[in-house]
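Student:
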Amino acid sequence: MKAQKCPVCDGKGKLPAEFYPDTAESTLKWVECRSCNGSGIVLVQEQVEGLLEFIEEKLIEQKPEEAKEKEIEKIEEEITTEEKAEETKEEAKEHEE
Ligand SMILES: [Zn+2]
Numbered sequence: 018m019k020a021q022k023c024p025v026c027d028g029k030g031k032l033p034a035e036f037y038p039d040t041a042e043s044t045l046k047w048v049e050c051r052s053c054n055g056s057g058i059v060l061v062q063e064q065v066e067g068l069l070e071f072i073e074e075k076l077i078e079q080k081p082e083e084a085k086e087k088e089i090e091k092i093e094e095e096i097t098t099e100e101k102a103e104e105t106k107e108e109a110k111e112h113e114e
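Position 59, counted from 1, in the sequence shown is what this note's numbering calls 76; the numbers after and before it change by one each time, with no gaps.
#1: Going by DSSP, name the residue or residues bridged to Ala20.
#2: For a test of the three-state rule: what should DSSP assign to Lys31, helix, strand or coil?
#3: Can you tell me which of Val59, Asp39, Ile92 puts its alpha carbon nearest to the alpha carbon of Leu68?
#4: Is it right to say Pro24 is buried, meaning 16 or more other beta carbons lie within 10 angstroms of its own, or is it exposed?
#5: Looking at Val48 and ligand 1, is the gap between the Cβ and the nearest heavy atom below 7 Å?
#6: Could you tell me the alpha carbon to alpha carbon distance between Gln62 and Cys53, rounded to whole angstroms?
#7: Who are Val48's beta bridge partners in DSSP?
#8: Drop a sphere of 10 angstroms on the beta-carbon of Leu76, count the other beta-carbons inside from all chains shown, and report buried for 16 or more, exposed for fewer.
#9: In or out: Leu45 buried (at least 16 other Cβ within 10 Å) or exposed?
#10: Only counting the same chain, and skipping five residues up and downstream in sequence, which positions put a Cβ closer than 7 Å to that of Gly55?
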């Protein structure tokens, strides 16, 4: 495990209330970052660092209000599914030849 600056809040531990659509209506200006629980630090396993970079890129591409934890989970799932699909494809190829 490795401590890493939270890519969602950039280590600040808090985000503008608009960041999360469900808190946008709130009177709070700042809300605790849900990815790092306000600590600004996330613990990552060495092997998922590349994945986090990928998610970070995705988050930048997306509108901030869409960059919720749910989205991150979805991306993680997509990656797993894609990787599995690749593996299956390659296996199928081997059998054809
Ligand atoms: Zn954070």
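Cβ atoms here follow ideal geometry from the backbone N, Cα and C, with glycine treated the same way.
Tutor: Looking at the coordinates:
#1: Leu60, per the DSSP bridge assignment.
#2: strand
#3: Ile92
#4: buried
#5: no
#6: 15 Å
#7: Per DSSP, Leu32.
#8: Buried is the call here.
#9: Taking every protein chain shown into account, the CB of Leu45 has fewer than 16 other CB atoms within 10 angstroms, so this residue is exposed.
#10: Gly30, Lys31, Glu49
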